[in-house]
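With full-length UniProt numbering, letter number 56 in the sequence shown gets 56, and the count goes up by one each step, no holes.
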Amino acid sequence: MRFQVPQVGLELAQIGDILLIAGSEEALKPFRITQATFLVDSLDEFRAFLEERGAEIIRRPAKVPTGWNMTVKHPDGSVIEYVEHSEPSKKQIGEQTSKVKEHPRILEKLERPDA
Numbered sequence: 001m002r003f004q005v006p007q008v009g010l011e012l013a014q015i016g017d018i019l020l021i022a023g024s025e026e027a028l029k030p031f032r033i034t035q036a037t038f039l040v041d042s043l044d045e046f047r048a049f050l051e052e053r054g055a056e057i058i059r060r061p062a063k064v065p066t067g068w069n070m071t072v073k074h075p076d077g078s079v080i081e082y083v084e085h086s087e088p089s090k091k092q093i094g095e096q097t098s099k100v101k102e103h104p105r106i107l108e109k110l111e112r113p114d115a
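This is the structure:
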C-alpha cells in the first residue's frame, strides 16, 4: 500500500509489517522523535489506558490514510506512535502480507531461518 500525506509533505509505503516514510528533511523532522510505532485494536481504549498511567498525549488522535493515529510521551520519556487501522486498511494489509508469505524464498526462510 502506498499513499501520500500532502498536509505534512510525506509519502508512505507499507510492505507487510514494514512502513517506509519519505519526504524532505524539513517534513520528516517532527516525526524523527518517534521511537516506535505500535498497532492497536482500539485507539480510544488504549488512550485511556495510557493516560491512567501518566502518559502525555502529545499528538491527539487524528485521521490518517490508514485509519487513526496518536503520539504519546511515556513517563520514561519515550515517544511512541499508536495506530488503529481502518477495516479497509486491515484487509489490504492482510492481503499484502499473505502475498509476501506465499513467495517461495520468503516462505522457505520463515520455515528454515538458517537457510
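Backbone N, C-alpha and C define an ideal beta-carbon position, used for all residues, glycine too.
Computed from a predicted structure; not experimentally measured.
{"Item": "Short Cβ contact (7 angstroms threshold) for Val83 with Leu20", "Value": "no"}
{"Item": "Buried versus exposed call for Leu107 [16 or more other C-beta atoms within 10 Å across all chains shown]", "Value": "Any reading at Leu107 must be qualified, since the residue scores a pLDDT of 45, below 50, and its modelled position is unreliable; no value is offered."}
{"Item": "Candidates Thr71, Gly77, Glu87, of which the one nearest Phe31 by Cα", "Value": "Thr71"}
{"Item": "Beta-carbon proximity list for Ala36, same chain, < 7 angstroms, skipping 5 on both sides", "Value": "Ile80"}
{"Item": "Cβ of Val79 within 7 angstroms of any chain E Cβ", "Value": "Structure shown: chain E not included; a single protein chain is present."}
{"Item": "Cβ-Cβ distance between Glu11 and Ala27 below 7 angstroms", "Value": "no"}
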